[in-house]
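K.L.:
Here's a structure for you.
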Amino acid sequence: MWELIGFINFHIYPTLYLSQSLFLICALLSRSLFLASSHLSPSHDLPYLLLFLFNPYSVPPVLALLVPVFSQTANLAEANASEDDKIRAMMSQSNHDYDPIHYSKKAIGPPPAQYICYRCGKNGHYIKHCPLQMDKSVEPPKPVRTSKGIPQSFMVKAEPGTKGAMLTSTGEYAIPAIDAEAYALGKKERPPFVPREASSSEDEADPIPDELLCPICNDLMADAVVIPCCGNSYCDECIRTSLLDSEEHTCFTCKQSDVSPDALIANKFLRQVETYWKQACCA
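Position one of the sequence shown corresponds to residue 1 (UniProt numbering), numbered consecutively onward.
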């Protein structure tokens with residue numbers, strides 16, 4: 001057994017090393033001829049030589065030496081190479097933008113065509129480069145609220161400029177029937193300098209439970225939604241405004257960034273409790 005191993009080490013391996021050395025020399029000569037015919041400067045040779053020196057039993061083929069040059073060639077149709085080499089170079093060029101070395105946490109360069117700034121509602125720039133953010137005198141447009149989780153039977157059609165109007169799934173604007181009645185009645189202000197009655201219904205009313213209070217406005221939640229990062233519930237308008245006002249869409253409670261306002265989920269249970277609480281207080 002040991003004699004066989006010694007024979008392989010002293011006779012077969014030197015022969016393989018010599019043949020692979022000749023193969024590498026031929027590959028480098030082919031590369032030099034290609035560079036001379038293409039009028040390109042030789043580069044990227046050192047990694048292939050180091051690869052051969054540290055691992056002489058896996059010599060890179062000629063294609064591995066030529067593909068980096070093809071990838072830098074602007075017109076592959078005029079390159080002096082075979083069709084297979086051109087196809088591989090084309091595939092290398094098509095994947096160049098998605099190489100892991102180009103990955104970055106922060107967005108670099110122009111935004112995609114489908115990106116829309118949440119502050120001004122226009123595309124062509126990121127929210128941190130929004131012109132409205134630079135000019136404090138211009139008031140940013142208010143974001144359009146959507147009627148997620150509210151049945152159509154509870155909604156009343158309204159004009160786009162109506163107070164409390166929300167965009168439905170059909171593309172029309174509507175307002176909850178309860179809110180429409182409240183807006184129609186209006187808020188009744190108490191006359192000034194009138195003493196409060198001791199037996200008023202407001203004093204007898206139970207305080208709002210902490211579970212129904214919005215952490216931002218500390219009032220009864222209106223159109224309660226759940227944020228996916230920490231699972232807390234807020235008023236729909238409060239949490240959307242908080243996310244859009246922060247540069248990196250940071251959560252109000254857990255401070256997690258990159259939380260999209262479109263990811264908010266309607267809390268149907270709290271909305272039902274909110275409706276019941278309003279009806280109980282008005283009764």
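Glycine is no exception: its CB is placed at the ideal position from the N, C-alpha and C atoms.
1) Identify every residue that forms a DSSP beta bridge with C235.
2) Let me know the secondary structure DSSP gives T170 once reduced to three states.
3) Judging by CA-CA distance, which residue of G164, E274, K148 is the nearest neighbour of T170?
4) In terms of residue numbering, what span does the alpha helix (DSSP H) encompassing K86 cover?
5) Quick one: Cα of K122 to Cα of A79, how far?
6) Between which two residues does the alpha helix (DSSP H) carrying Q133 extend?
7) With distance defined between alpha-carbon atoms, name the residue in L243, L270, F154 nearest to K142.
8) Of all the options L220, C251, K278, which has the alpha carbon lying nearest to the alpha carbon of A182?
9) Taking C-beta to C-beta, are P261 and R240 nearer than 7 Å?
10) Suppose contacts are defined by Cβ-Cβ distances below 7 Å. Is I150 in contact with A165 by that definition?
11) Tell me which residue opens and which closes the alpha helix (DSSP H) that I150 is part of.
12) If you drop the 5 nearest sequence neighbours on each side, which residues of the same chain put their C-beta closer than 6 Å to that of L220?
13) Which whole runs of the alpha helix (DSSP H) in the region 249-277 are 4 residues long or more, in chain order?
14) Under a Cβ-count criterion, where at least 16 other Cβ atoms within 10 Å of its own Cβ denotes burial, should S233 be classed as buried or exposed?
15) Per DSSP, which one or two residues make a beta bridge with I175?
16) For C251 and C238, which I take to be in contact (beta-carbon distance under 8 Å), what is that distance rounded to the nearest angstrom?
17) Please classify I127: is it buried, with 16 or more other beta-carbons within 10 angstroms of its beta-carbon, or exposed?
18) Have a look at E172, E248, R145 and flag the residue whose alpha-carbon is nearest the alpha-carbon of K157.
19) Using CA coordinates, which residue listed in S104, C117, P100 is at the minimum distance from S246?
20) Pop quiz: R145 and D236 are said to be a contact at Cβ under 8 Å. What is the actual Cβ separation, rounded to whole angstroms?
21) Going by DSSP, which residues form a beta bridge with L213?
22) Please identify the residue among I265, S257, K187 whose C-alpha is closest to the C-alpha of P228.
23) Could you check the C-alpha separation between residue 285 and A177 for me, to the nearest Å?
24) Given this structure, state the Cα-to-Cα distance separating H88 from D97, to the nearest angstrom.
25) Quick one, which of M155, I108, S94, A222 has its alpha-carbon nearest G124's?
P.N.:
Inspection of the coordinates gives the following:
1) Bridge pairing for C235: A224 [DSSP].
2) Coil, per DSSP.
3) Comparing Cα-Cα distances from T170 to each of G164, E274, K148, the minimum goes to K148.
4) Its alpha helix (DSSP H) spans residues 83-94.
5) Roughly 43 Å between the two C-alpha positions.
6) That run of the alpha helix (DSSP H) goes 131-134.
7) If we check each option's Cα against that of K142, L243 comes out closest.
8) Comparing Cα positions, the closest option is K278.
9) Yes. Within cutoff.
10) The Cβ-Cβ distance between I150 and A165 does not fall below 7 Å.
11) Where I150 is concerned, there is no enclosing alpha helix (DSSP H), given that its DSSP letter is neither H nor E.
12) Non-local C-beta neighbours of L220 in its own chain, meaning closer than 6 Å and more than five positions away in sequence, comprise I208, L212, ordered along the chain.
13) Fully enclosed alpha helix (DSSP H) runs of 4 or longer: not present.
14) Residue environment for S233: buried (at least 16 other C-beta atoms within 10 angstroms of its C-beta).
15) When beta bridges are read from the DSSP output, I175 appears opposite V156.
16) Rounded, the Cβ-Cβ distance is 12 Å, inconsistent with contact.
17) Label assigned to I127: buried.
18) The shortest C-alpha separation from K157 is found at E172.
19) Closest in alpha carbon position to S246, among S104, C117, P100, is C117.
20) About 6 Å separates the two Cβ atoms, so the contact holds.
21) Paired residues: L220.
22) Measuring from the Cα of P228, the nearest candidate turns out to be I265.
23) Only positions 1 to 283 of the chain appear in this structure, which leaves residue 285 out of reach.
24) According to the sequence as given, residue 88 is Arg; it is not His. Computed Cα separation, rounded: 16 Å.
25) Residue I108 is the option with its Cα nearest to G124.
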